[in-house]
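These protein sequences, in sequence, are chains X and U.
Counting from 1, position 213 in the first sequence corresponds to residue 224 in our numbering; the numbering is continuous, with no gaps.
Counting from 1, position 101 in the second sequence corresponds to residue 91 in our numbering; the numbering is continuous, with no gaps.
Even glycine gets a Cβ: it sits at the ideal position worked out from N, Cα and C.
Computed from a predicted structure; not experimentally measured.
For reference, the structure discussed in these notes is given below.
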Amino acid sequence: MTWLAGRIRSVPTWQVTLGLALLALGFLIAAQMAAEGPRVQYTSQERTPLVATVLDLQKQQDGLKQQVLDARAAIAQLESVGEGGAAVTKQLNDQLQQAQINAGLVAMTGPGLVIQLSDSALPAPSDGNTQDYLVSGRDVLTVVDQLWAAGAEGIAINGERVVVSTAVVDIGGSVVVNGAYVAPPYQVTAIGPKTMFDTLTRQQGFADFIRSRGEAFGIGVAYATPDSVDLPAYAGSVNLRYGRATSTPLPSTGP
Amino acid sequence: MGRGRGPLALALVLALLGFLVVVQARSQGQEQGLAQLSVQDLTELVANVTTRNTQLREEVATLQQQQQQVASAVQHGDTSTSQMRSDLSHILAWSGALGVTGQGVQVTVSGSLPAFAVGELVNELRNAGAEAIALNGVRIVPGVTAAGDPDHLTIGGQPLVSPLILLAVGQPETLAGSLTRAGGLVAQLTSQYVGVSVRVDPQGLVVVPPSSRSLTPALGRPRL
C-alpha cells in the first residue's frame, strides 16, 4: 500500500488531469452516440427528413448571416478610407455609423441583465395541454415587452437581435425569432440601466407573467445580472421593397 | 513522452472536450426541441426559415453589388457620396428615424383589447413582412409597446383613444391575408374578446411617420 501511495504521488499532476479529461471525453463521445439513437427512433419517417431540413436550413442561415455582416463591415471600411477625409464624406460616414448603431446593425455591450426561460419540469396532467408546459413565443414576447417597459435600450433573444422588424413566432412548441429557429432554453438579454431588474420585478405585467406561467405551469424563469452583457448585430435584411423614405435629412453638400 | 509534450496533449484533449461539450449541448437543445414538433409544424418552420434565407440571399447580393460599386468609386478617386446618402436614407427609414410611405394596409380595431393583443397584432404584421408600422400616429420601433389596462391603453407612454388604427407599409394582400386567414389572429381576437371588431383594408398608399423618440443608445457602446 505504501508503495502504491508513493507511486500515485509520483505521477505528475498533468497526467492525472489528462487521465480525468480522457475519461470525460470518452463519456461525452458515448453520450453523443447514444443520444443519436433514441432521437432517430423518436422521429417518424416523415419527420426525420423535415428535422434534417430545418437543421440544414438553419446552418445555411448562419452562413448567410455571417456573409451579411462581413459585407457590411467591408463596405464600412471602404467608405471610411476611400474619400481622403473630405468634410462632407466624414460627416456622412459618421451619420451612417450612428444610424447603423441606432438600427441594431452593430453589436453592442453595456450594463444589463439576462432572463432565462426554460420549459417546465412538471409533468403535464393527463387532461392538461402539454403545450402549456413549454415556453411559447408569447412568453418570450411578454418578457421582451416587460424589459422594454423596464427601460431596456437593446434586447437579443438567443443570439437574435430584436430590431424594428423582429417578429417572435410560435410554431407548435418551437419559437422562431427573425425567421430563425431558436432552441430552448431562451435567453433574453437586455442592455439597460442598473435599476432595470428592480423596475422589472415591480411591474404588474411581470408579476402576472410569473404567476400565470411560472407558478401555474412551472415555466422556469431565472435571471443573471453580469457586469456587462453583449448583444449581437442584426444580420438580416433591411430592404424596403414596398416603402420609401418620406424625406431625406442629409447634410448639405456645399461648404 | 517528453516533459513538454504532456501538457500539450492535455491542452489538446481539453480543447476537444470543450468542443464536444458545446456540440453536445447545441445539438441536444436544437434536435430535442424539433423532435417535439408535428409534421405540420415542422413544415411551417421550414417555410419560415426558408423565407428568411431567401431574404438573406437577396441582402447578400445587394451588399456585394454595393461593395463593388464603392470599391470601384474608391479606385477611381470618385468622391461619390450618393451611395452613402442612399444607404443612410434607407437605414434611417427602415429603423424608424424617417417616415416611410408606400402601399400597405389599415387595420381598424373597435372595442376594448388588452395591451398584449395589440402587441400580437403588431407582431403578426411584422411576421407578414411589414416594413414600417404606426399605431394611432405613433411609429412602432423597439421599445415602443402598448401598455396599461384595456380601457386606458398607452403606446410609448401616450394615451391611445379608440378606435385603434394601425398603418403598415408592405405587400397589401400578404399583410391582410396573414391577419384575416381562417383561424388567424383577427378570428382569434374577435372570438376571444366580446365587442371587439377588427377591419383590415388594403391601401394603395399609407404614410407612416418617423419616430419622435431618440433611437440612440445611452448606455450601450459598440462592441469592436
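Subject >> U:His80 vs X:Val249 beta-carbon contact at 8 angstroms >> reply: Taking 8 angstroms as the Cβ cut-off, U:His80 and X:Val249 qualify as a contacting pair.
Original post:
How long is the line joining the alpha carbons of U:Gln55 and X:Arg255, rounded to whole angstroms?
Top reply: Looking at the two C-alpha atoms, the distance is approximately 20 angstroms.
Original post:
Is U:Ala208 close to chain X, meaning its C-beta is less than 8 angstroms from at least one C-beta of that chain?
Top reply: So, interface residue.
Subject >> Opening and closing residue of the beta strand (DSSP E) in which U:Arg189 lies >> reply: Counted as a single uninterrupted DSSP element, the beta strand (DSSP E) harbouring U:Arg189 occupies residues Ser187 to Val198.
**OP:** For X:Val154, I'd like the list of residues in its chain whose CB is within less than 6 angstroms of its CB, leaving aside the five on either flank, ordered along the chain.
**Re:** Contacts found: Ile126 and Val199.
**OP:** Answer with buried or exposed for X:Asn140, where buried requires no fewer than 16 other C-beta atoms within 10 angstroms of its C-beta.
**Re:** Counting Cβ neighbours within 10 Å, X:Asn140 comes out exposed, since fewer than 16 surround it.
Original post:
Cβ atoms of X:Ser129 and U:Leu27: under 8 angstroms apart, would you say?
Top reply: Between U:Leu27 and X:Ser129, the C-beta spacing is not below 8 angstroms.
Subject >> For X:Ala256, three-class secondary structure by DSSP >> reply: Look at X:Ala256 here: in three-state DSSP terms it is strand.
Subject >> CA-to-CA distance, X:Pro60 to X:Tyr253, given in whole angstroms >> reply: Distance between the alpha carbons of X:Tyr253 and X:Pro60 is about 35 angstroms.
Subject >> Own chain residues within Cβ distance below 6 angstroms of X:Leu145, not counting five before or after >> reply: Contacts found: Asp130 and Gly184.
Subject >> Integer-rounded CB distance, given that U:Arg116 should sit under 8 angstroms from U:Pro199 >> reply: Contact flag wrong, Cβ pair sits at about 18 angstroms.
**OP:** For X:Thr177, name the three-state secondary structure that DSSP assigns.
**Re:** In this structure, X:Thr177 counts as coil in the three-state DSSP scheme.
Subject >> Nonlocal neighbours in the same chain, by C-beta distance under 7 angstroms from U:Thr135, ignoring five residues either side >> reply: Once the five neighbours on either side are set aside, the close Cβ partners of U:Thr135 are Gly109.
Subject >> Option in X:Phe217, X:Asp219, X:Asp181 and X:Asp241 with minimal Cα separation from U:Asn24 >> reply: The residue asked about is misnamed: residue 24 of chain U is Leu in this sequence, not Asn. Distance from the Cα of U:Leu24 is smallest, within the candidate group X:Phe217, X:Asp219, X:Asp181 and X:Asp241, for X:Asp181.
Original post:
When the Cα atoms are used, what is the spatial distance from U:Thr40 to X:Leu29?
Top reply: Just so you know, the alpha carbons of U:Thr40 and X:Leu29 end up roughly 44 angstroms apart.
Subject >> X:Ala97 versus X:Ser176 - alpha carbon distance >> reply: Those two C-alpha atoms are separated by around 34 angstroms.
Subject >> One or two residues paired with U:Pro149 in a DSSP bridge >> reply: Assignment of beta-bridge partners to U:Pro149 by DSSP yields U:Thr144.
Original post:
Does the beta-carbon distance from U:Asn38 to X:Val187 come in below 8 angstroms?
Top reply: X:Val187 sits close to U:Asn38, with the two beta carbons spaced by under 8 angstroms.
Original post:
CB U:Val197 to CB X:Thr257, shorter than 8 angstroms?
Top reply: Between U:Val197 and X:Thr257, the gap from beta carbon to beta carbon is short of 8 angstroms.
**OP:** Please list, in chain order, all residues of the same chain as X:Gly216 whose beta carbon is under 6 angstroms from its beta carbon, the five residues on each side excluded.
**Re:** Around X:Gly216: Gln157.
Subject >> Range covered by the alpha helix (DSSP H) that runs through U:Gly109 >> reply: Note, U:Gly109: alpha helix (DSSP H), Ala105 to Asn117.
Subject >> X:Ile168 in three-state terms, based on DSSP >> reply: Looking at X:Ile168 - three-state DSSP - the assignment turns out to be strand.
Original post:
Going by Cα to Cα distance, which pick from X:Ala63, X:Thr120 and X:Gly162 is closest to U:Pro212?
Top reply: The candidate whose alpha carbon is nearest that of U:Pro212 is X:Thr120.
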